[in-house]
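Chemist: Last residue of the sequence shown: 142 (full-length UniProt numbering), numbering continuous.
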Amino acid sequence: AGNAVLFETVLTIMDIRSAAGLRVLAVNILGRFLLNSDRNIRYVALTSLLRLVQSDHSAVQRHRPTVVECLRETDASLSRRALELSLALVNSSNVRAMMQELQAFLESCPPDLRADCASGILLAAERHHPACADNGGHPCAG
Numbered sequence: 001a002g003n004a005v006l007f008e009t010v011l012t013i014m015d016i017r018s019a020a021g022l023r024v025l026a027v028n029i030l031g032r033f034l035l036n037s038d039r040n041i042r043y044v045a046l047t048s049l050l051r052l053v054q055s056d057h058s059a060v061q062r063h064r065p066t067v068v069e070c071l072r073e074t075d076a077s078l079s080r081r082a083l084e085l086s087l088a089l090v091n092s093s094n095v096r097a098m099m100q101e102l103q104a105f106l107e108s109c110p111p112d113l114r115a116d117c118a119s120g121i122l123l124a125a126e127r128h129h130p131a132c133a134d135n136g137g138h139p140c141a142g
């Protein structure tokens, strides 16, 4: 019951566009949920963080190591959601490290995730390639 109350609090903070400090607290609660032994709680946390990554990228970024660890989940829905969030967390500062993590995942990921993982890696690498930084983040020509 405690996790349900915490999650409802997080949803309220997200829905009312609270102050930055409260939003960071909400993201940190979701980050703790990623460590929970209950798969459903981890899935809800990944889904919620994916919703927040656009508006609170730096707060979600702090939980990147835990999100990347979730790629190794045996549950396909969890590893798929972790892949989506991992790809959303790639930026120009971490593109090299994230590409290494994602390529390692690609080598051992379930067959039904391979195409999504490979295309996600390609798109993220293209979008955040250092040579493209001066091109507004758009894919490099040629």
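We treat Cβ as the ideally placed atom computed from N, Cα and C, and that holds for glycine.
Can you list, in chain order, the residues of its chain with a C-beta nearer than 7 Å to that of Ala-82? Leave out the 5 residues immediately preceding and following it.
Modeler: Leu-46, Val-67, Cys-70, Leu-71, Glu-73
Chemist: If you follow the alpha helix (DSSP H) that Gln-61 is part of, which residue opens it and which one closes it?
Modeler: 57-61
Chemist: Would you check if the distance between the CB atom of Val-27 and the CB atom of Ala-76 is smaller than 8 Å?
Modeler: no
Chemist: Cβ of Ala-115 within 8 Å of Cβ of Met-99?
Modeler: no
Chemist: Count the other C-beta atoms from every protein chain shown that fall within 10 angstroms of the C-beta of Val-10, then say buried if there are 16 or more, exposed otherwise.
Modeler: buried
Chemist: What does the alpha-carbon distance come out to for the pair Leu-106 and Ile-121?
Modeler: Each residue's Cα considered, the two are about 9 Å apart.
Chemist: Residue range of the alpha helix (DSSP H) that Thr-12 falls in?
Modeler: 2-15
Chemist: Rank Gly-2, Ser-93, Ala-20 by C-alpha distance to the C-alpha of Asn-36 and give the top, closest one.
Modeler: Gly-2
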